[in-house]
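What follows is one structure encoded as structure tokens, with my remarks underneath.
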Amino acid sequence: MNIDWKNYKPILIPAIKDLHKIDVYEKNGGYKALKKVLSGKSKMTPEEVVNEVKDANIRGRGGAGFNAGLKWSFMPKPDGGPRYLACNGDESEPGTFKDRKIFEYNPHSFIEGAIIAAYAMQIQTIYVYIRGEYRDFIDMMDVAISDAYKKGYLGKDILKSGFSVDMYTHMGAGAYICGEESSLMNSLEGKRGYPRVKPPFPAQKGLWGRPTTINNIETLANVPLVINNGAKWFKGIGAETHPGPVLYGISGHVNRPGVYEYPTGMLLTDLINEVAGGVPGGKKVKAVVPGGSSTPPLRGDSLDGVRMDADSLREAGSMMGTAGICVVDETVDMVDFTWRISGFYHHESCGQCTPCRDGTGWLEKTLDKIRRGDGEMRDIDLLYEICTKMEGRTICALADAAAWPVRYALDRFREDFEARCKKTVYALA
Amino acid sequence: MAEIIIDDKKFEFEEVGKVLQFILDNGMDLPFFCYHPSLSIPANCRQCFIEAGQMVKDRESGEYELDEDGNPVIRWFPKLMTACSLDMADGMVIKTHVTSEKVKVAQADTLELILINHPLDCPICDQAGECPLQIQTYKYGPEGSRFEHKKVHKPKRIQLGPRVILDAERCINCTRCVRFTDEVSKTHQLSIVSRGDKNYPITAEGQVFDDPYSLNTVDICPVGALTSADFRFKARVWEMNQTPSIDVTNGKGVNIDLWTRDNLVMRITPRFNKEVNDHWMPDIGREAYRLFNENRVSKPIIKLDGDQVRSSWNNAFMTVSEKISSVKSDEILLIGSPYASLEDNYAFQNWFNRLGVSDVYFTPHIEKGYGDDLLLVDDHAPNTNGCKALGFKEVDAKKMAKLLSDESYKAVFILGDDLLSRVDIDDSALESKYLVSFATNHTETTKKSDLVIPITSSAEHIGSYINVDERIQRTIPAKETMYTNRKLDLEMSMGRLDHFGTKFDNWVSDKNRVDCIPAWEVLVRIGNEMNLEFNFASPQDVLEDITDKIPALENVSYDRMDKENGIALKLSAPKSVTT
Amino acid sequence: MSKEYTFDKDDLKKIEEIKSRYPEVTPAVMPVLWLAQDKFGHVEPAVQKLVADTLGLPQAHVQGVASFYTQYYKKEKGKFVLDVCTSFSCQICGGYEILDHLENKLGIKAGETTEDGMFSIQSVECLGACGYAPMLQVTNDKYVNNLTTEKVDSLIENLKQGKMPEFESIPMPQHETES
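Chains as they are written, first to last, in my numbering: chain A, 973 to 1401; chain B, 604 to 1182; chain C, 13 to 191.
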């Protein structure tokens, strides 16, 4: 697979001045997809929209990578009662800072995608859940939503199609767990952000017990592209099993960090060395976290041929996650790095399930012990065991997300850990 | 019928429930903390892990597919499942710790994790001995802990309200208490605060946990995080006896357990009865334990020259018999009691019937608006319906006052009830009468009585009570009187102290035994004095006589009440509804 | 002494508008807590009670929610709260050095407030500005990106004069090269 990334022109967030303004967006083909779906000869039925999106295989950009159209198809037939779309803009996973680019530079692509999604699933209310720290971006979204209302893209009888939908932003207040879809729903319902036991799944019993779908912001921003250009076109972009444009957030030790839009399936080495300009000072890459803090870190010397798509990253021993790439150079001690990740999960565990509530703290404290130089070799074994006690044993995946970086850091950078542990010396009697 | 296989044993089931409940209902064990059958299911403690799978059915034949060895093909869930939240299904296969090493390890893992931030202060914790965490750690937990760091510290000794104290460090965040106030008592006074391992339940700042059902949170707390302000540090669980009984402070007839040590009732807790009180009871009912211990009438009391003095039983019996002989039958006023048992009321009625006194009056103790939507009813007395079933004449307090002032009555007999506290009557009106009361405690009524005969309370006798919903339930003696003996009365429970305590240690004494006799027995003994044909040998005898005579109580027996958790009666034909 | 907190007419109007977005009252708790914090600077228990009473919700519920989310200030903080990100991208790009510098400069530790009530410092989790590390956020509002000690110093000077930083738009590098 060869991606001609050097000639790639962004399509999700094209380089058009003032695109966030609705007039500019419209002038550049904005809301065309919505018009195509809702009116005229091209009018599509909700099922047709679902099928087109399903066929396009937009894999969720929030981390799980699930086919968005397939997720839509899980919604039961309308029964006359309310149904909801919750848009996940919680964006709190360390290393992830991409949805904010959509809020700032192309909010209407997301709004248009969300309206189309709502139409496809016969939904009347859309909530856009955005992390509370993104106050400025929420303000931008509120302006964009209000503009869309004024133009008649939101509200009653959109484009005289008879279809009506409302959209509201909902501001988070500092809780990573609210990016987990069932926790997001509890937060939206004005409760503590505890994940819910599944089943029932959101499509069966979501917000206020009604059918609900939760999609990531970037995922929905892809929808107009699919409607305008067709699923076939979309599938032709990037990796075959994980197609489309994707926002790569590159941070850490690179010369030009930032958010870049390229097709999926990019070589990780191209992204680091070419796109982001390589490591400052010509240092070696020690580790790369490819898709946000919960994805297992890869060794810098094992990046050859690794591509940014679900299959390639699985093969390499990690995951696509949010495509938030953090590059770590050789000066960093992986004990410190892993300790800080554990600290994050300890801080963010909602405290509902025992293994996560108590396990995340135990991981952090044990890593801190090693970090302070008080660790012993048995602590490395203990860390593995704590991971085993947590993985797959909780209501949501936060415990897994907390355990994996530790497990794989131990697997892949064991020398760093051993170097910080005391060597127990047994005296010979 | 649908089938489920648990640890290689096949079970049939009709109703689809949760796997955990089914396991428990069938007498098997599985550790858990957060699950409670009467609350929603959060599945947060992660203790009831099991392996679950589904036997694969061939679509065409509808038969289970078999592998090469002839065993059914099972599709296992990839992860361990929590049995509390898993719905049963036909063809489901479950492995608990009994057959699965993986489950056994996972259960020990969760316990190790729960315990890392738990203070392990069992020796000074009230919950010890009845603590699910302690019990399950012994049964399923790891040998020790490998946690070598500082535990998370949280508030301790917080008086949440008048009756409940919080030790947040002991809390394992099962959320049972929060769910109770949200879902059962609906006061919403508790919430988990903070996040992660700093979580704990508490009231809003400045708010008092005065939920009238607050002590239920202490009962369901699976650790010692919530303890009873009153009971705290008073007794260890293993020192007490537990005796099933009925709450006699309200007409609902909540099923309870009396916890006694050395013949003192130390506390009262609810006992499950799906038809009456589920797992709950109001806080107020628990305070009744004092009634059984304190301010008891012990030995008869007689008024001499205006002073009440203690008397012998013989003297008391002779006085009654003389008094009755000196008045005509229509000069005797009989007042039965909604607080006394069916047996005592019946014996009272029957004994005086033999003397030609036919009418028994009673005044219910109803306070309009006292009840709530949960377990408290307006009727304060446990046996109003019992009085009705016996055909007692119901009069309100005003009418009762009139009766008591009626000059034609020369002697008044009041059974087990502080009647005068709720009947407004001038002392002078009583002066011309001889007032005999059969009483358990010193009250306004006993103060004004010429003769007080101490009778047993519901903690000391077998007695039946018919609640507001016409359900008959009975008590079992929990406390010894001067004349009863645990070792002889096979119905009485025996605790460690009863078995092994001696008069020479500090733990057992006779001082808490009250000098009292069941009312029916008092009447038998006075009857002997008077050569009256009144020969009951036991409450059983009395009940049999009642069930023979009152059609609505036909076939009622203690045995049935025990087996069926009380019996729903039909005392009166249902009234037709007028629209 | 506990102060009296009240919502004025405009607040109540806003609260009605907030309630209208949801099918129930409970969901309004987070936006109304925000509204209260913007107005009073914190959501101490007395403010939580005001929110609970205004919405007709149990006070314990509001406390449970307020305490779950870190951005609500359950205790009064300094006039400017400096949230320094130390999550991994910031960690390896000098987030802790910035935190140290701030602590030394202001003479307080993370989690504390200066005596004059001007500044509070907190070490916080990822704020979603990983490419612009190290960075901090001022009182739940503006981000200050690509920090250096000099930039921190001038920020503090500006804040002392009541000058809040402005929103910094950081374009995608691809856009910069094209336009």
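We put the CB at the ideal spot given by N, CA and C, even for glycine.
The structure displayed is predicted, hence computed values, not measured ones.
Beta-carbon proximity list for residue i, same chain, < 6 angstroms, skipping 5 on both sides
i	result
A1374 of chain A	Y1317 and T1332
N844 of chain B	T863, S1096 and G1098
I761 of chain B	L769
S914 of chain B	P903 and I905
For residue i, the residue or residues it bridges with in DSSP
i	result
I1017 of chain B	B:I938 and B:S1040
Y108 of chain C	DSSP output for Y108 of chain C lists no bridge partner at all.
C97 of chain C	C:V136
K613 of chain B	B:I608
G1210 of chain A	A:P1215
Q762 of chain B	B:I768
P873 of chain B	B:I859
W679 of chain B	B:G656
K1394 of chain A	A:E1348
M1143 of chain A	A:I1102
V1117 of chain B	B:T1084
C1059 of chain A	A:V1100 and A:N1187
Y85 of chain C	Paired residue(s): none; Y85 of chain C is not in a bridge.
Within-8 angstroms CB hit, residue i to chain C
i	result
W977 of chain A	no
E1105 of chain A	yes
L1335 of chain A	no
Residues that residue i contacts on chain B, provided the C-beta gap is smaller than 7 angstroms
i	result
L1354 of chain A	R749
H54 of chain C	Per Cβ cutoff of 7 angstroms: no residues; H54 of chain C is ~13 angstroms from chain B at best.
Cβ neighbours of residue i in the same chain (closer than 8 angstroms, five flanking residues each side left out)
i	result
T1043 of chain B	L894, R899, V900, G1019, P1057, I1058, T1059, S1060 and C1119
P1018 of chain A	Y1091, A1092, M1093 and Q1094
K1128 of chain A	S1136
Same chain only: Cβ atoms within 7 angstroms of residue i, ignoring 5 sequence neighbours per side
i	result
K91 of chain C	G129 and M130
R1379 of chain A	Y1356 and C1359
G856 of chain B	I849, D850, V879, P985, Y1068, N1070, R1074 and Q1076
F1135 of chain A	L1010 and Y1091
K1013 of chain B	V930, E934, K1036 and Y1037
V1111 of chain B	D865, L1100, G1104 and T1105
Interface flag, residue i vs chain B, CB-CB below 8 angstroms
i	result
S79 of chain C	yes
G1331 of chain A	yes
K1361 of chain A	yes
C1150 of chain A	no
P1174 of chain A	no
K31 of chain C	no
G1323 of chain A	yes
V1169 of chain A	yes
Where residue i meets chain B, residues with beta-carbon distance less than 8 angstroms
i	result
T1366 of chain A	R649
P1327 of chain A	R649, D712, T713 and L716
Q1094 of chain A	Under the 8 angstroms cutoff, chain B gives no residues; its nearest Cβ is about 28 angstroms from Q1094 of chain A.
Residue-chain proximity (residue i, chain A), Cβ-Cβ < 8 angstroms
i	result
K682 of chain B	yes
A709 of chain B	yes
H752 of chain B	yes
M176 of chain C	no
V1117 of chain B	no
Closer than 7 angstroms at the beta carbon, the chain C residues around residue i
i	result
P982 of chain A	Q186
Interface residues of chain A facing residue i [CB-CB closer than 9 angstroms]
i	result
G76 of chain C	K1163 and R1164
Chain-ordered neighbours of residue i on chain A, where CB pairs are closer than 7 angstroms
i	result
I719 of chain B	D1330 and W1334
Cross-chain neighbours of residue i in chain A, by beta carbon under 8 angstroms
i	result
Y84 of chain C	A1145 and G1146
- Query: Looking at chain C, which residues of the segment 789 to 811 of chain B have a Cβ within less than 7 angstroms of any of its Cβ atoms?
  - Reply: H791, Q792, L793, S794, I795, V796, S797, R798, T806, A807, E808, G809 and Q810
- Could you please tell me which residues of the segment 1038 to 1049 of chain B, in chain order, have their CB closer than 9 angstroms to any CB of chain A? The segment 1038 to 1049 of chain B vs chain A, Cβ under 9 angstroms: nothing.
- Which residues, in chain order, does the segment 1306 to 1320 of chain A contribute to contact with chain C at a C-beta distance below 7 angstroms? Listed by position, the residues of the segment 1306 to 1320 of chain A near chain C (Cβ gap below 7 angstroms) are F1309, R1312, I1313, F1316, H1319 and E1320.
- Query: Which of the residues in the segment 45 to 73 of chain C, read from start to end, lie with their CB under 9 angstroms from any CB of chain B?
  - Reply: E56, P57, A58, Q60, K61, A64, L69, P70, Q71, A72 and H73
- Name, going along the chain, the residues of the segment 131 to 155 of chain C whose beta-carbon falls closer than 8 angstroms to a beta-carbon of chain B. none
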